[in-house]
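In what follows, a single structure is set out as structure tokens and then discussed.
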Amino acid sequence: MENFTNETIDTTQLPKFEEVQFTALHPNYWIVTLINLLIFFLILGTGVGMALFFNEQLSEFRFGIIIVFIVLMLLIVLFSRISFRKKGFAFRTHDVLFRSGIIASNTVVIPYNRVQHVALHEGFISRYFGLAKIEIFTAGGSSSDIEIPGIEKEQAENIKQLLMGKIQKQL
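See the structure below:
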């Protein structure tokens, strides 16, 4: 019979993910984000405009509604920019990291031995700029655990091959 041991781990000696050098998303991904926001605002603005034009009860509030719409647009663009600048990814010997967040920073760390599936996606606008998104799936979920957007397509394909190689080694 084996002797059971349960030694205390010195947590000060563990590697710190906060010290990892993260790779920023490709600068063109900001343009993709702006184009997507523009499309969203055009659709939303058309709906608001039609409501203001056809609804007589809103006529006295038109100016206020337009000001609120513009302020919300600017806030969404500002927060999108902050979010874009805070996102980053890193691949280490044993795991992949993805950092995001606007107000609070969120870092997801997935060991390679947990990766079950990897997908590469190109959106219509992203494809025009030569960008792709990597989705990393672990066991026990139908949605991806990490989505890393704004990666050059060739680099995204290399990352996918790296991860697929790590999955093959586990089998």
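When you line the sequence shown up against our numbering, it's residues 1211 to 1381, in that order. We put the beta carbon where it would ideally sit given N, CA and C, even for glycine.
Over what stretch of residues does the alpha helix (DSSP H) that includes residue i continue unbroken?
i       : result
Ile1286 : 1272 to 1296
Phe1347 : No alpha helix (DSSP H) contains Phe1347, which is instead part of the beta strand (DSSP E) from 1341 to 1348.
Ser1336 : 1334 to 1338
Ile1358 : Per DSSP, Ile1358 belongs to no alpha helix (DSSP H); it is in the beta strand (DSSP E), 1356 to 1362.
Asn1213 : Per DSSP, Asn1213 belongs to no alpha helix (DSSP H) and is neither H nor E.
Ile1249 : 1238 to 1264
State the start and end residues of the unbroken beta strand (DSSP E) segment that holds residue i.
i       : result
Thr1317 : 1316 to 1321
In the DSSP assignment, what are the bridge partners of residue i?
i       : result
Asp1305 : Pro1321
Leu1330 : Ile1344
Ser1310 : Asn1316
So, under 8 Å CB-CB, residue i and residue j are touching, yes? Tell me the CB distance rounded to an integer number of Å.
i       : j       : result
Lys1376 : Val1319 : Contact doesn't hold; Cβ gap of about 15 Å is too wide.
Ile1335 : Val1242 : 5 Å
Leu1330 : Ile1346 : Not quite, the Cβ-Cβ distance comes to about 11 Å (not below 8 Å), so this is no contact.
Please classify residue i: does DSSP put it in a helix, a strand, or coil?
i       : result
Thr1233 : strand
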